[in-house]
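Taking it in order: structure first as structure tokens, then the write-up.
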Amino acid sequence: MGLLNVLFEPTGNSTFKTNSNINDIVNYLINVTLERPLSLSVLQALPSKIGGGAEGVKVANANPNREPIILWTTVTVFIFFLVWIIILQIVNCRRCYCCRNTASEGCTYLVEESAVEKTDYVFNSILGKEFDSTSPNELVTIEQPKNVLTALLTKCNYDPAETSVGLLSAVGYSNLVNVFAIADSNTIQKALNDSRE
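In our numbering, each residue carries its 1-based index in the sequence shown increased by 4.
Right, dumping it as structure tokens:
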């Protein structure tokens with residue numbers, strides 16, 4: 005009922021006209037925001053049989069509209085999320101700063117030649133534990149790759165003017181198949197014996 009009292013004003017007992025006074029609208033917004041009693045002139049001018057008059061004003065003031073609750077809830081939620089976004093941005097900036105420092109320290113081991121050799125030495129020892137020596141009976145021989153980082157940095161940066169031996173050869177693979185184990189396998193030996201007969 006409060007907004008109706010701002011947009012219109014009574015001119016007689018049951019006649020009304022529009023209110024174009026900006027000060028009334030501003031005062032209404034301030035009073036609603038601060039939960040002050042409102043001027044209910046339109047409600048006062050309405051007939052009492054439809055809820056107007058002095059009794060209607062008394063009931064309206066006892067049961068105010070919910071605009072202040074909606075307004076203050078919206079403002080509170082907005083401020084809460086604004087503070088939360090600012091905190092997230094501060095955490096994100098701090099994290100980016102730490103990651104930048106870590107990345108600049110870590111890139112040294114991929115750029116400088118002496119650091120790449122050190123990294124390869126560490127990788128070789130780690131990969132040596134992962135790859136056991138293959139037994140002579142296995143058909144496929146997968147040995148421990150050596151100097152993987154150097155191979156990746158030089159072979160993946162391909163230059164057509166240079167002759168390249170390939171990535172597998174660069175990591176130390178000369179043969180992936182155990183030819184002796186294949187030749188000594190029962191299947192091959194049986195096939196050779198059957199072909200002789």
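A virtual CB, placed ideally from N, CA and C, is assigned to each residue, including glycine. These figures come from a predicted structure and were not determined experimentally.
Can you tell me whether residue i is buried or exposed? The criterion is at least 16 other CB atoms within 10 Å of its CB, across all chains shown.
i: residue 124; result: buried
i: residue 196; result: exposed
i: residue 30; result: exposed
i: residue 174; result: buried
i: residue 120; result: buried
i: residue 50; result: buried
i: residue 180; result: exposed
Is the distance from the Cβ of residue i to the Cβ of residue j below 9 Å?
i: residue 37; j: residue 72; result: yes
i: residue 20; j: residue 46; result: yes
i: residue 41; j: residue 23; result: no
i: residue 151; j: residue 170; result: no
i: residue 55; j: residue 48; result: no
Verify the CB distance criterion: does residue i have a CB-CB separation below 9 Å to chain D?
i: residue 154; result: No chain D appears in the structure shown, which is made up of a single protein chain.
Have a look at the options and flag the residue whose alpha-carbon is nearest the alpha-carbon of residue i.
i: residue 172; options: 183, 189, 86 and 154; result: 154
i: residue 133; options: 78, 119 and 149; result: 149
i: residue 178; options: 193, 194, 146 and 199; result: 146
Under three-state DSSP, which class holds residue i?
i: residue 119; result: helix
i: residue 181; result: strand
i: residue 194; result: helix
i: residue 133; result: helix
i: residue 150; result: coil
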